[in-house]
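Peer 1: In this note's numbering, the protein residues as written are 38 to 281.
Yeah, the Cβ is synthetic: ideal placement off N, Cα and C, and Gly gets one too.
The model shown is predicted, which means the values in this text are computed figures rather than measured ones.
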């Protein structure tokens, strides 16, 4: 086999058709192409490292392979640490959500539910603001008559969520003029809005969670727990909201 240009020539005596070129032929080829392994670093992983060599003119493949192994080991440690951190964070969020659910289920009146939503959930969930917002609808604020509920104009919920078929919105960056979070609006930099439908003849609304940390909520985030919390709030409200 003859290579073009400055490539070496494998002689017939170098070749064994069963096993390929001889060791001497490979050595001559590598000597003539010093960048061969640098251009194909994946081949280094398949080599058996030699004992360490002495001499200034010798490239220490063992050190190259050890450095690659160190990098791979560090990558594995980083991945493991990220997995552990993510798992711990998920468990903590789940525990906080369950505590919020228990507080809602333990409420024995509408006033108590609204108190839990506004004052207890922020502490239990480690957020800065939680608010129940309902559209005025046919029931109107007069029928419910609670200052703990934020009242929205009809159509506001769909606008906030981005459509009639959207159950929630997770906003990496958010701001509020007070319509959703009242006096805590100035703290909110990131928010989650979850649709709440308390039942027939009752206004549609949202459960709004706000955080002062930008990115606390974001579109790629899992929504199972916040949806679960909203569904429990929804069912709890159905027990106490007036109908008719």
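So which of 226, 69, 155, 267 has the shortest CA-CA distance to residue 250?
Peer 2: One-based indexing of the chain shown puts residue 250 at position 213. With distances taken between Cα atoms, residue 250 lies closest to 226.
Peer 1: What's the gap between the Cα of residue 154 and the Cα of residue 128?
Peer 2: Residue numbering aside, residue 154 sits at position 117 when the chain shown is read from its first letter. Residue numbering aside, residue 128 sits at position 91 when the chain shown is read from its first letter. Approximately 22 Å between the Cα atoms of the pair.
Peer 1: DSSP three-state call for residue 242: helix, strand or coil?
Peer 2: Locating residue 242 in the chain shown gives position 205, counting from the first residue. Strand.
Peer 1: Give me, in chain order, the residues of the same chain whose beta-carbon lies closer than 7 Å to that of residue 130; leave out the 5 immediate sequence neighbours on both sides.
Peer 2: Reading the chain shown from its first residue, position 93 is the one you call residue 130. Correct list, in chain order: 262.
Peer 1: Tell me which residue opens and which closes the beta strand (DSSP E) that residue 186 is part of.
Peer 2: Working through the chain shown from its first residue, we reach residue 186 at position 149. 186-189 is the extent of the beta strand (DSSP E) around residue 186.
Peer 1: Would you mind stating whether residue 196 and residue 246 have Cβ atoms separated by less than 9 Å?
Peer 2: If you number the chain shown from 1, residue 196 lands on position 159. If you number the chain shown from 1, residue 246 lands on position 209. Contact: no.
Peer 1: Nearest by alpha-carbon distance to residue 189: which of 200, 199, 171 is it?
Peer 2: Taking the first residue of the chain shown as position 1, residue 189 is located at position 152. The option with the nearest alpha carbon to residue 189 is 171.
Peer 1: Counting along the chain, where does the beta strand (DSSP E) carrying residue 169 start and finish?
Peer 2: Within the chain shown, residue 169 is the residue found at index 132, counting from 1. Its beta strand (DSSP E) spans residues 166-172.
Peer 1: Within 10 angstroms of the Cβ of residue 271, are there 16 or more other Cβ atoms? Answer buried if so, exposed if not.
Peer 2: The sequence position of residue 271 within the chain shown is 234, counting from 1. Under this definition residue 271 is a buried residue.
Peer 1: Report the CB separation of residue 134 from residue 266 in whole angstroms; it is logged as a contact under 8 Å.
Peer 2: Within the chain shown, residue 134 is the residue found at index 97, counting from 1. Within the chain shown, residue 266 is the residue found at index 229, counting from 1. About 6 Å separates the two Cβ atoms, so the contact holds.
Peer 1: Strictly by DSSP, which residues pair up with residue 162?
Peer 2: On the chain shown, position 125 is the one that residue 162 refers to. Paired residue(s): none; residue 162 is not in a bridge.
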